[in-house]
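Only one structure is covered here, and it is reproduced in the block below.
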Amino acid sequence: MARMSRRAFLSRSAATALAVSGGVLLSACGERDATGVAPGAGGPKLASPENPVTWPVPADAGRIADGLAPEQGATLRVYNWSEYIYKKVVQDFEKKYKKYDVKVQVSTYGNMDEAVAKLRAGQVAFDVLFPTYDYIGKLIQGNFLRPLNHSYIPNIEQVWPAFQNPWYDQGWNYTVPYTIYTTGIAWRVDKVKDDVAQLPNPYEALWDERYRGKVGILDDYREAIGMTLLKNGITDLNTANQDHLNLARDQLVDLAQTVRPRVNTNDYIDLPESKTWITQAWSGDMVNAQYYMPKGQSADVMRYWFPADGKGPVNSDLIVLLRSGKNPVLGHLFMDHLLDYDVAVENMSWNGYQPPQNKLNPTELVGQELLPKNLETATVLPAYFESGYRYLELPGEVDDRWHAVWQEFKAGA
Amino acid sequence: MKRWLTDPWRKPRLLAALVWGYLAWSVLPVAIAVWFSFNAGRSRSSWQGFSLRWYWQDPVLSVWNDPDLQRALLHSLRLAVLTTLVAVPLGVAFAIGLDRWRGRLAAGFNFQMLLSFVLPEILLAVALLFLFTNLLKAVQLGTWAQLLGLVTFQLSYPVIICRARMLSIGSEYEEAAMDLGASPLKALRHVLLPLLSPAIFASAVLVFADVIDDFVLVRYLSADAASEPMSVKIYNTARASPTPALNALATIMLFSSLLAIALGFFVYRRLTRGERTQESTVEGFAAQI
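Here it is as structure tokens:
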């Protein structure tokens with residue numbers, strides 16, 4: 003398996019993806035949709051980079067007219083992941099629209115299922131939501147989203163052009179981008195003797211018995227299994243191929259037994275505190291890790307690796323408006339506010355996750371002291387989004403098999 | 007060694023060690039959490055220097071400057087005060103009623119009281135959520151739903167505590183008062199209620215303390231950030247990357263509840279001045295609770 007060239011795998015996995023997206027997907031939403039969102043009349047659609055989707059904009063969907071004044075004395079209800087937006091950025095918005103007497107109230111959720119459940123209950127009129135892209139289809143088909151009026155969002159010009167026509171929402175009818183990140187490997191040069199980035203296969207370093215007890219794996223079944231697939235040169239991170247999943251299972255079980263990894267999402271705490279020496283990591287978490295070094299230690303010892311050719315997992319989170327919201331104009335303005343360069347940078351200075359701003363590049367990030375020089379590699383580049391791999395929503399049956407692999411790993415870890 | 011072991015008058019060193027060990031075990035994590043509220047950096051597990059940043063120095067994220075944290079704290083207090091104000095008088099009335107009222111219906115209510123005492127909170131929470139979102143839609147999730155839920159859940163504390171106290175008081179004092187010409191209502195007001203006051207007070211303290219850190223019910227019945235008390239806030243942020251501001255807030259909570267308990271103790275001592283002959287005040291207070 004591992005001998006096969008990447009290219010061969012690429013073409014093969016593309017074929018599998020197409021075959022899968024044909025039939026099996028239909029059963030995905032209907033039966034075992036955890037959120038219970040009913041699929042739309044046209045049947046569920048699943049977007050992927052090979053299969054871009056343009057969502058229809060029905061006339062009654064609540065798109066607002068041009069040139070409306072912001073709502074007076076309103077409370078804008080923002081529904082976001084916990085600790086995912088800097089309070090200062092929110093307060094700045096309130097100040098900016100002070101003459102309209104705007105208040106912003108941020109409520110939080112821990113995962114998307116929880117968020118959708120609350121939206122379905124319909125008791126709170128949230129205006130703005132921060133979903134992951136794999137939920138976009140469900141949200142639109144469940145009639146939760148309000149189509150955007152682009153005239154209120156001129157700052158879209160400040161972010162990567164690709165987000166004006168993303169594959170999950172062609173023509174950005176419903177979404178604007180919030181943050182982007184890669185998944186790679188982070189390590190400490192004072193503990194790990196090899197230069198992980200220079201190894202022929204850096205992923206293998208996580209299996210190195212010398213680091214027993216000091217290895218971190220992200221507590222995320224897609225990321226952990228996906229990383230194991232990549233280690234073996236399998237680049238279809240949405241694979242339905244049981245041979246691939248079995249391979250990943252065997253290697254993960256082996257990892258659990260020989261290395262005894264810590265499995266959590268505290269990579270940004272564990273690495274600075276030397277609880278781990280080498281860890282699977284999200285780029286945004288490594289930006290944050292610098293704030294968690296114990297007193298008297300320098301963040302210089304940390305490094306982050308993401309394949310230089312950009313062939314690794316990339317991801318983005320989005321901002322959407324909810325149809326239930328009472329303040330659509332302010333909602334648009336809030337989106338526009340977050341897309342502004344200065345605001346976006348301010349936000350990143352606290353939450354660590356990079357906004358896809360055109361002006362941000364490794365030099366700029368280091369220059370602005372958002373990132374120490376040694377973690378420059380944690381910058382996300384536009385090219386990564388062309389070469390990188392996406393975790394897409396899995397059909398139910400495939401998802402079950404992924405979960406089975408994960409259960410076996412967790413049982414041993 | 008053997009003689010020391012079999013000596014019935016030896017000092018209970020093992021027990022003492024166990025007690026001290028237990029105290030250390032339970033106090034240490036709290037002490038560490040308090041300690042980290044003074045951390046200079048963002049970490050809640052590695053020391054980055056001393057500062058008061060998370061209390062008021064940080065211009066955005068400190069307890070003093072973050073309206074979200076204050077709102078959560080206020081909401082906790084609001085729920086605790088309102089629940090106490092509603093549940094305790096209701097519970098006392100209920101206790102007196104159950105004590106006087108015989109028959110099958112009363113027995114049924116009594117059983118129901120005991121049932122809600124042992125019913126897992128999560129069952130009640132799920133049931134109420136279902137009730138408020140599907141049947142009684144007029145009750146919006148949020149403060150009102152939370153208050154209704156908490157009163158339902160907490161009502162049994164004052165009932166059980168007051169009934170226990172009434173059993174020990176007996177009916178003689180009231181009968182004596184009525185022999186001397188007091189009307190039943192007067193006997194209730196001037197004799198029974200004063201005698202019950204330590205129990206009423208103890209149940210108020212208990213309900214207050216229990217509501218302020220209630221999590222299950224209030225989380226299920228909360229709507230948006232405006233109706234999320236401290237406990238829910240802590241839970242929500244604990245799984246992301248919370249700052250030591252949360253520790254600072256918890257520290258403030260800790261010391262204010264310690265203060266409340268101390269206050270409760272002294273008031274209880276005043277209320278039971280005449281009765282303190284055999285047992286110490288602490289034991290009496292603890293026994294009431």
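Residue numbers (the working numbering), protein chains in the order written: chain A, 3 to 415; chain B, 7 to 295.
Don't be surprised by glycine CBs; every beta carbon is placed ideally from N, CA and C.
- [ ] Measure the Cβ-Cβ separation of residue 237 of chain B and residue 216 of chain B and say whether it is below 7 Å.
- [x] Taking the first residue of the second sequence as 1, we reach residue 237 of chain B at position 231. Taking the first residue of the second sequence as 1, we reach residue 216 of chain B at position 210. Residue 237 of chain B is not a Cβ neighbour of residue 216 of chain B, given a cutoff of 7 Å.
TODO: Could you list which residues in chain A have their beta carbon closer than 8 Å to that of residue 147 of chain B, in chain order?
DONE: Within the second sequence, the letter at position 141 stands for residue 147 of chain B. Near residue 147 of chain B (Cβ distances below 8 Å), the residues of chain A are 123, 125 and 126.
- [ ] Return the bridge partner residues of residue 319 of chain A from the DSSP annotation.
- [x] Here the question's residue 319 of chain A lines up with position 317 in the first sequence. In DSSP, residue 319 of chain A forms a bridge with A:134 and A:181.
Open item on the list: Less than 7 Å between the C-beta atoms of residue 85 of chain B and residue 152 of chain B, yes or no?
Closed with: Locating residue 85 of chain B in the second sequence gives position 79, where the first residue counts as 1. Locating residue 152 of chain B in the second sequence gives position 146, where the first residue counts as 1. A Cβ-Cβ contact shorter than 7 Å links residue 85 of chain B with residue 152 of chain B.
Open item on the list: Would you call the segment 104 to 114 of chain A in contact with the segment 69 to 78 of chain A, where contact means no fewer than 3 C-beta pairs closer than 8 Å?
Closed with: Contact between the segment 104 to 114 of chain A and the segment 69 to 78 of chain A is present: three or more C-beta pairs spanning the two stretches fall below 8 Å.
Task: Rounded separation between residue 144 of chain B and residue 221 of chain A - CA only - done: Locating residue 144 of chain B in the second sequence gives position 138, where the first residue counts as 1. Locating residue 221 of chain A in the first sequence gives position 219, where the first residue counts as 1. As the crow flies, the alpha-carbon of residue 144 of chain B is around 41 Å from that of residue 221 of chain A.
Open item on the list: What would DSSP say about residue 295 of chain A, mapped onto helix, strand or coil?
Closed with: Numbered from 1 along the first sequence, position 293 holds the residue referred to as residue 295 of chain A. Of the three classes helix, strand and coil, the one that applies to residue 295 of chain A here is coil, per DSSP.
Task: Three-state secondary structure assigned by DSSP to residue 128 of chain A - done: As a first step, residue 128 of chain A is located in the first sequence; it is residue number 126 there, counting from the start. Assigned with DSSP and collapsed to three states, residue 128 of chain A falls in coil, not helix or strand.
Task: 8 Å CB neighbourhood of residue 342 of chain A in its chain, flanking five on each side removed - done: Translated into positions along the first sequence, residue 342 of chain A becomes position 340. These residues qualify, in order along the chain: 157 and 160.
Task: Where residue 328 of chain A falls: helix, strand or coil (DSSP) - done: Here residue 328 of chain A corresponds to residue number 326 of the first sequence, with the count starting at 1. Assigned with DSSP and collapsed to three states, residue 328 of chain A falls in coil, not helix or strand.
Task: For residue 345 of chain A, three-class secondary structure by DSSP - done: For the purposes of this step, residue 345 of chain A is taken as the residue at position 343 of the first sequence. Three-state result, residue 345 of chain A: helix.
Open item on the list: For a quick check, are the C-beta atoms of residue 111 of chain A and residue 149 of chain A less than 7 Å apart?
Closed with: Taking the first sequence and counting its residues from 1, the one referred to as residue 111 of chain A is at position 109. Taking the first sequence and counting its residues from 1, the one referred to as residue 149 of chain A is at position 147. The answer is no: Cβ separation not under 7 Å.
Open item on the list: I need the straight-line Cα distance from residue 126 of chain B to residue 166 of chain B, nearest angstrom please.
Closed with: For the purposes of this step, residue 126 of chain B is identified with residue 120 of the second sequence, where counting begins at 1. For the purposes of this step, residue 166 of chain B is identified with residue 160 of the second sequence, where counting begins at 1. Their backbone Cα atoms lie some 17 Å apart in a straight line.
Task: Rounded distance between the beta-carbons of residue 59 of chain B and residue 68 of chain B, thought under 8 Å - done: Taking the second sequence and counting its residues from 1, the one referred to as residue 68 of chain B is at position 62. Taking the second sequence and counting its residues from 1, the one referred to as residue 59 of chain B is at position 53. In this structure residue 68 of chain B is in contact with residue 59 of chain B, their Cβ atoms being roughly 6 Å apart against a cut-off of 8 Å.
- [ ] Write down the C-beta distance between residue 186 of chain A and residue 307 of chain A rounded to the nearest angstrom, noting that I regard them as a contact closer than 8 Å.
- [x] As a position in the first sequence, residue 186 of chain A is number 184, starting the count at 1. As a position in the first sequence, residue 307 of chain A is number 305, starting the count at 1. Taking 8 Å as the upper bound for CB-CB distance, residue 186 of chain A and residue 307 of chain A are in contact here, some 5 Å apart.
- [ ] Counting only the same chain and skipping the five closest in sequence on each side, list residues whose C-beta sits under 8 Å from that of residue 202 of chain B.
- [x] The count along the second sequence starts at 1 and reaches residue 202 of chain B at position 196. Excluding sequence neighbours, residue 202 of chain B sits near 98, 168, 171, 172 and 175.
Task: Residue burial classification, residue 171 of chain A (beta-carbon count within 10 angstroms, cutoff 16) - done: Position 169 of the first sequence, counted from the start, is the residue given in the question as residue 171 of chain A. Of the other Cβ atoms in all chains shown, 16 or more fall within 10 Å of the Cβ of residue 171 of chain A; this residue is therefore buried.
TODO: For residue 45 of chain A, count neighbouring Cβ atoms within 10 angstroms of its own Cβ and tell me buried if that reaches 16, exposed if not.
DONE: Stepping through the first sequence from its first residue, residue 45 of chain A is reached at position 43. Summary for residue 45 of chain A: the model assigns pLDDT 45, below 50, so the residue's position carries little reliability; its value from the coordinates is reported in the next sentence. Of the residues assessed, residue 45 of chain A falls on the exposed side of the cut-off, its CB having fewer than 16 other CB atoms within 10 angstroms.
Task: the segment 343 to 362 of chain A in contact with the segment 250 to 263 of chain A per 3-pair CB rule at 8 Å - done: No contact exists between the segment 343 to 362 of chain A and the segment 250 to 263 of chain A.
Open item on the list: Excluding the 5 residues flanking residue 403 of chain A on each side, which residues of the same chain have their C-beta closer than 8 Å to its C-beta?
Closed with: One-based indexing of the first sequence puts residue 403 of chain A at position 401. Only 242, 244 and 247 meet the Cβ criterion.
Task: Assigned exposure category for residue 22 of chain B - 16 Cβ within 10 Å defines buried - done: Residue 22 of chain B sits at position 16 when you count from the first residue of the second sequence. Exposed, by the Cβ-count rule.
- [ ] Express the C-alpha separation of residue 384 of chain A and residue 274 of chain A in angstroms, rounding to a whole number.
- [x] To locate residue 274 of chain A, count along the first sequence from 1; it is residue 272. To locate residue 384 of chain A, count along the first sequence from 1; it is residue 382. Cα to Cα, the separation comes out at about 28 Å.
Open item on the list: Using the Cβ count rule (16 or more neighbours within 10 Å means buried), how would you classify residue 107 of chain B?
Closed with: As a first step, residue 107 of chain B must be located in the second sequence, where it is residue number 101. Residue burial annotation: residue 107 of chain B is exposed, with fewer than 16 other C-beta atoms found within 10 angstroms of its C-beta.
TODO: Put residue 365 of chain A into one of helix, strand or coil per three-state DSSP.
DONE: Working through the first sequence from its first residue, we reach residue 365 of chain A at position 363. Of the three classes helix, strand and coil, the one that applies to residue 365 of chain A here is helix, per DSSP.
Task: Contacting residues, own chain, Cβ-Cβ under 8 Å from residue 277 of chain B (five flanking each side not counted) - done: Within the second sequence, residue 277 of chain B is the residue found at index 271, counting from 1. Cβ neighbours of residue 277 of chain B beyond the five flanking positions: 203, 204 and 207.
Open item on the list: Counting only beta-carbon separations shorter than 7 Å, does residue 140 of chain B have a partner in chain A?
Closed with: As a position in the second sequence, residue 140 of chain B is number 134, starting the count at 1. Interface with chain A (7 Å Cβ-Cβ cutoff): residue 140 of chain B is excluded.
- [ ] Measure from the C-beta of residue 107 of chain A to each C-beta in chain B and report whether the shortest distance is under 7 Å.
- [x] Along the first sequence, one-based indexing puts residue 107 of chain A at 105. At least one CB of chain B lies nearer than 7 Å to the CB of residue 107 of chain A.
Open item on the list: Could you pull the DSSP bridge partners for residue 109 of chain A from this structure?
Closed with: Position 107 of the first sequence, counted from the first residue, corresponds to residue 109 of chain A. Assignment of beta-bridge partners to residue 109 of chain A by DSSP yields A:81.
- [ ] Taking only the alpha-carbon atoms, compute the straight-line gap between residue 20 of chain B and residue 30 of chain B and give it to the nearest angstrom.
- [x] Within the second sequence, residue 20 of chain B is the residue found at index 14, counting from 1. Within the second sequence, residue 30 of chain B is the residue found at index 24, counting from 1. Distance between the alpha carbons of residue 20 of chain B and residue 30 of chain B: 15 Å.
Task: Rounded C-alpha distance that separates residue 248 of chain B from residue 211 of chain B - done: By 1-based counting over the second sequence, the position of residue 248 of chain B is 242. By 1-based counting over the second sequence, the position of residue 211 of chain B is 205. When only Cα atoms are considered, residue 248 of chain B and residue 211 of chain B end up about 30 Å apart.
Open item on the list: Beta-carbon within less than 6 Å of residue 57 of chain B's beta-carbon, same chain only, minus the 5 sequence neighbours each way: which residues are those?
Closed with: Start at 1 with the first residue of the second sequence, and residue 57 of chain B comes out as number 51. Cβ within range, chain order: 46.
Task: Under 9 Å by beta carbon: chain A residues contacting residue 248 of chain B - done: Reading the second sequence from its first residue, position 242 is the one you call residue 248 of chain B. Within chain A, the residues near residue 248 of chain B are 84 and 85.
Task: Under the three-state DSSP convention, the category residue 241 of chain A falls into - done: Sequence index remark: in the first sequence, residue 241 of chain A carries index 239 (1-based). Assignment of residue 241 of chain A by DSSP, reduced to helix, strand and coil, places it in the coil class.
Open item on the list: So with CB distances below 8 Å, who are the chain D contacts of residue 275 of chain A?
Closed with: Among the protein chains in the structure shown, which are A and B, there is no chain D.
Open item on the list: Please identify, using Cβ separations under 7 Å, the residues of the segment 213 to 231 of chain B that lie next to chain A, in order along the chain.
Closed with: Going along the segment 213 to 231 of chain B in chain order, one finds 229, 230 and 231 with a Cβ nearer than 7 Å to chain A.
Task: Where residue 359 of chain A falls: helix, strand or coil (DSSP) - done: The residue labelled residue 359 of chain A in the question sits at position 357 within the first sequence. Under the three-state reduction of DSSP, residue 359 of chain A is assigned to strand.
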